[in-house]
Structures are given as structure tokens and as C-alpha cells.
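Position one of the sequence shown corresponds to residue 142 (the working numbering), numbered consecutively onward. Heads up, the beta-carbon is just placed ideally off N, CA and C, and yes, glycines get one too. Source: prediction; values computed, not measured. Reviewing the structure listed below.
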Amino acid sequence: MEVDKDHIHLLIQYEPKMSILEIVRLLKQMTTFHIWKQHEKYLSKHFWKERTFWSDGYFACSIGNVSKEMIQE
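What follows is the structure, given as C-alpha cells:
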């Protein structure tokens, strides 16, 4: 994982039977739930309309059989 000012980079290994959309949806749902659970007082002051955290969009690409070191390079 690498964090930037307005986005994150994740390098994940997943079963080919799952779609990228399913994975992204799960990651966003689970992280939103846990972030809200831990920081509800603070977040409810800034996100009073709905409990969102992530934007709708995402970018994904597949790397195949390349090592983690090669990607980092």
C-alpha cells in the first residue's frame, strides 16, 4: 500500500473468479465501515448528510506474473 494526498495504491493478489469491481466495492465498503466505527464523532461533523468516505471512481490494472520488486521499481 502506498498513500498519496488524494488517493492510495494497493497491490493485491486475488482469485481470478472475483471481478475487480467486486474487490474495489468490498474494499470501499469495509474500510468505510471501520473508519466510521472508529472516528464517528469527528466524521459526523464533516459528513452529516451521508456516511460516505470514498469517491465513486477507481483505476485498476493487472500486472500478471511480475514480482512485487519489479512493480516497486
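By Cβ distance, which residues of its chain are closer than 6 Å to A201, with the 5 residues on each side in sequence left out? I161
Just to check, is the beta-carbon of L184 closer than 7 Å to a non-hydrogen atom of the ligand FAD? You won't find the ligand FAD in this model; it holds no ligand whatsoever.
Helix, strand or coil at E143 [DSSP, three-state]: strand
Does the contact criterion of 3 or more C-beta pairs under 8 Å hold for the region 204–213 versus the region 179–194? no
Straight-line Cα distance separating V165 from Q213: 21 Å
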